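First the structure, in the form of structure tokens, and then the observations on it.
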Amino acid sequence: MNFSSDNVSPICPEILAAIGEASDPALPYGADAASQQLDHAFSDLFGKEVAVVPVATGTAANLVGLSALVSPFGGVACHHQAHINRTESTGVAFYGNGAKLMTMDGPSAKLLPETLDAFLTRENTHGMHSVDPECVAITQATEFGTIYDVDEVQAIGRVAKAHGMKFFMDGARFANAIAALGCHPADITWKAGLDVLSFGATKNGAMAVDAIILFDPSLRGRVEKARKRGGHLFSKHRYLAAQLLAYVKDDLWLRNARHANQAASALCQSLETLGARAAFTPQGNELFVHMDDDLAERLRKAGLVFRPWPAVGPDAFRFVSGWNSPIEAIRTLPETL
């Protein structure tokens with residue numbers, strides 16, 4: 568069982584079928600019929616008019632999306648464990664033409680509203696001599712597998728807007744967060760003041776597509792130009808659109824995420840039975856545990872694949888479940904060992 572990443576999971580059958588069905592000739596660069604349906608499908612999903620700009624990777628969704636919200640001499644305020652800070656190289660500066668990441672701490676990889684408020688107050692006072700924050704960015708679910716609840720997202724949104732900031736969410740695992748919270752997608756997006764969402768699909772059953780969701784559709788032109796300039800406009804755009812339409816049809820995105828979340832919860836129980844200790848209560852599909860080397864070696868010999876995670880601790884390891892993780896095999900892991 569490979570828990571090194573949710574990217575090891577295959578394409579789910581519904582999306583694979585949709586890709587095949589998109590093989591008829593069609594107009595390029597987003598002028599095809601499937602691409603023209605995206606705004607309507609996602610406006611229904613979020614309960615608000617939105618504009619959808621698909622790209623093939625989560626990194627592109629984050630960086631192209633953020634580039635519409637921050638100037639070359641501005642900053643993006645985020646947690647120091649945020650994915651855009653830890654795992655996307657200097658992408659924000661590259662796509663933002665020099666925009667700077669401005670990081671702060673917080674428990675369980677989460678920003679606290681009061682910390683953010685103090686940070687924005689302090690950093691917004693130096694005028695032309697310094698970088699002024701222009702955007703607040705959060706990761707949902709976080710890099711430690713924790714999830715901002717509705718009140719937490721809305722509190723951060725209020726702070727951001729009180730300081731005149733734009734608000735961005737890296738939602739590579741947005742589906743897992745919604746599945747865990749049981750809320751409407753609107754509750755932690757536009758109703759919380761969110762301007763742009765990077766809506767993940769690749770980790771949750773798609774082949775290669777994430778979407779930039781613009782809650783202010785007037786941003787579309789700017790984002791589409793940034794996408795083109797950055798080399799992320801597909802000529803055969805229909806294959807991206809087909810994946811997204813299949814992903815949100817009949818709540819496939821939530822079914823896949825619920826399965827992955829349940830697998831992570833079952834894995835936590837099995838590993839704790841074997842003597843591991845969860846670093847954080849698993850909420851989504853990421854699990855971080857503390858365990859000794861002997862147990863880690865036993866798990867590897869049993870065929871489990873996972874990664875050490877020193878950011879959580881010297882004896883910490885990360886396990887990530889997917890939409891197709893075998894829950895029954897996970898539950899019987901203690902007996903198997």
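For the sequence shown, counting from 1, position 213 maps to 780 in my numbering; every step adds exactly one.
Here a beta-carbon is modelled for each residue, glycine too, at the ideal position from N, C-alpha and C.
All values derive from a computational prediction rather than experimental measurement.
Checklist entry - In angstroms, rounded to a whole number, what distance separates the CA positions of aspartate 777 and proline 621? => result Approximately 6 Å between the Cα atoms of the pair.
Checklist entry - For the 8 Å Cβ check, are there 3 or more pairs between the region 583-602 and the region 727-739? => result Contact between the region 583-602 and the region 727-739 is absent: fewer than three C-beta pairs spanning the two stretches fall below 8 Å.
Item to check | Residue nearest to alanine 831 in terms of C-alpha spacing, selected from Gln707, Pro680, Ala896, Gly788 | outcome: Shortest Cα-Cα distance from alanine 831 to any of Gln707, Pro680, Ala896, Gly788 involves Ala896.
Item to check | Opening and closing residue of the beta strand (DSSP E) in which cysteine 645 lies | outcome: 641-646 is the span of the beta strand (DSSP E), which, as asked, contains cysteine 645.
Item to check | Coarse secondary structure for valine 619, derived from DSSP in three states | outcome: Under the three-state reduction of DSSP output, valine 619 falls in the strand class.
Checklist entry - Can cysteine 702 and leucine 636 be called in contact, C-beta distance under 7 Å? => result It is a contact, given that the beta carbons lie within the stated cut-off.
Item to check | Integer Cβ distance of glycine 665 from phenylalanine 640, believed to fall under 8 Å | outcome: Correct: roughly 7 Å between the Cβ atoms.
Next on the checklist: So, for proline 901: in the same chain, excluding its five sequence neighbours on each side, which residues have a beta-carbon less than 8 Å away from its beta-carbon?
Outcome noted: The beta carbon of proline 901 sits closer than 8 Å to those of Ser837, Thr840, Leu841, all from its chain and outside the five residues before and after it, given in chain order.
Item to check | Any beta strand (DSSP E) of 3 or more consecutive residues that is wholly inside the region 656-694 | outcome: Taking only runs of at least 3 residues, the beta strand (DSSP E) segments lying wholly in the region 656-694 are 667-671.
Checklist entry - Is it a yes or a no for the region 748-768 touching the region 863-883, going by three-plus beta-carbon pairs under 8 Å? => result Judged by Cβ distances under 8 Å, the region 748-768 makes no contact with the region 863-883, as fewer than three pairs qualify.
Item to check | Backbone secondary structure at cysteine 606 - three-state DSSP | outcome: Reading off the sequence shown, one finds aspartate at residue 606, where the question assumed cysteine. Of the three classes helix, strand and coil, the one that applies to aspartate 606 here is helix, per DSSP.
Next on the checklist: Starting from cysteine 872, trace the alpha helix (DSSP H) in both directions and tell me its first and last residue.
Outcome noted: Sequence inspection shows valine at residue 872; the cysteine mentioned does not correspond to that position. First-last for valine 872: undefined, no H or E at that position.
Checklist entry - If we count the other Cβ atoms within 10 Å of its Cβ and call it buried at 16 or more, is aspartate 737 buried or exposed? => result Note on aspartate 737: 16 or more other CB atoms within 10 angstroms of its CB, so buried under the neighbour-count rule.
Checklist entry - CB-CB under 6 Å to arginine 885, same chain, minus the five flanking residues each way: which ones, in chain order? => result Excluding residues up to 5 positions away in sequence, Phe855, Arg874, Trp876 lie with their Cβ nearer than 6 Å to the Cβ of arginine 885 in the same chain.
Checklist entry - Which first and last residues belong to the alpha helix (DSSP H) in which lysine 792 is found? => result Taken as a continuous stretch (DSSP letters only), the alpha helix (DSSP H) holding lysine 792 covers 787-796.
Item to check | Where the beta strand (DSSP E) containing phenylalanine 735 begins and where it ends | outcome: Phenylalanine 735: member of the beta strand (DSSP E) spanning 733-738, first to last residue.
Next on the checklist: Just to confirm, is the Cβ distance from phenylalanine 847 to serine 675 under 7 Å?
Outcome noted: With respect to serine 675, phenylalanine 847 sits close: the two C-beta atoms are nearer than 7 Å.
Next on the checklist: Ignoring anything shorter than 4 residues, give me the alpha helix (DSSP H) runs that lie fully in the region 736-768, in order along the chain.
Outcome noted: Note on the region 736-768: whole alpha helix (DSSP H) runs with a minimum of 4 residues are 741-748, in chain order.
Checklist entry - Under the rule that 16 or more other beta-carbon atoms within 10 Å means buried, what is serine 765, buried or exposed? => result By the Cβ neighbour-count rule, serine 765 is buried, with 16 or more other Cβ atoms within 10 Å of its own.
Item to check | Neighbourhood of glutamine 721 by C-beta, 7 Å cutoff - its chain only, sequence neighbours within 5 removed | outcome: Ala759.
Checklist entry - Is the distance from the Cβ of valine 887 to the Cβ of serine 572 below 7 Å? => result Yes, the pair counts as a contact, with Cβ atoms nearer than the cut-off.
Next on the checklist: Check this for me: beta carbons of leucine 633 and phenylalanine 734, under 7 Å apart or not?
Outcome noted: For leucine 633 and phenylalanine 734, no; Cβs fall outside 7 Å.
Checklist entry - With a CB to CB cut of under 8 Å and the five nearest residues on each side skipped, what residues in its chain are close to glutamate 655? => result Only residues of its own chain outside the window of five on either side were considered, and among them Thr626, Asn629, Leu630 have a CB closer than 8 Å to the CB of glutamate 655, listed in chain order.
Checklist entry - Hey, is the region 803-819 in contact with the region 578-591, meaning 3+ C-beta pairs nearer than 8 Å? => result Contact between the region 803-819 and the region 578-591 is present: 3 or more CB-CB pairs across the two stretches fall below 8 Å.
Checklist entry - What's the call for methionine 584, buried or exposed, on a 16-neighbour Cβ count within 10 Å? => result Correcting the residue type first, residue 584 is alanine in the shown sequence and not methionine. The residue is exposed, with fewer than 16 neighbouring Cβ atoms inside 10 Å.
Item to check | Nearest-angstrom Cβ-Cβ length linking proline 700 and leucine 687, presumed shorter than 8 Å | outcome: So it is a contact: roughly 6 Å between Cβ atoms.
Item to check | Beta-carbon proximity check, asparagine 743 vs alanine 768, cutoff 7 Å | outcome: Taking C-beta atoms as the reference points, asparagine 743 and alanine 768 fail to come closer than 7 Å.
Checklist entry - What do you reckon, are the CB atoms on cysteine 645 and alanine 704 nearer than 7 Å? => result The answer is yes: Cβ separation under 7 Å.
Checklist entry - Between isoleucine 779 and valine 619, what straight-line distance do the alpha-carbon atoms span, to the nearest angstrom? => result In this structure, the straight-line span from the alpha carbon of isoleucine 779 to that of valine 619 is close to 6 Å.
Item to check | For glutamate 710, the first and last residue of its enclosing beta strand (DSSP E) | outcome: Looking at the DSSP string, glutamate 710 is not in any beta strand (DSSP E), and its letter there is neither H nor E.
Checklist entry - Quick one: is alanine 685 buried, meaning 16 or more other Cβ sit within 10 Å of its Cβ, or exposed? => result By the 16-neighbour rule on beta-carbons within 10 angstroms, alanine 685 is exposed.
Next on the checklist: Beta-carbon within less than 6 Å of alanine 813's beta-carbon, same chain only, minus the 5 sequence neighbours each way: which residues are those?
Outcome noted: Excluding residues within five positions, the ones whose Cβ falls inside 6 Å are Glu581, Ile582, Ala585.
Item to check | Reduced DSSP category for aspartate 699 - H, G, I as helix; E, B as strand; rest coil | outcome: The answer is strand: DSSP assigns aspartate 699 an E or B state.
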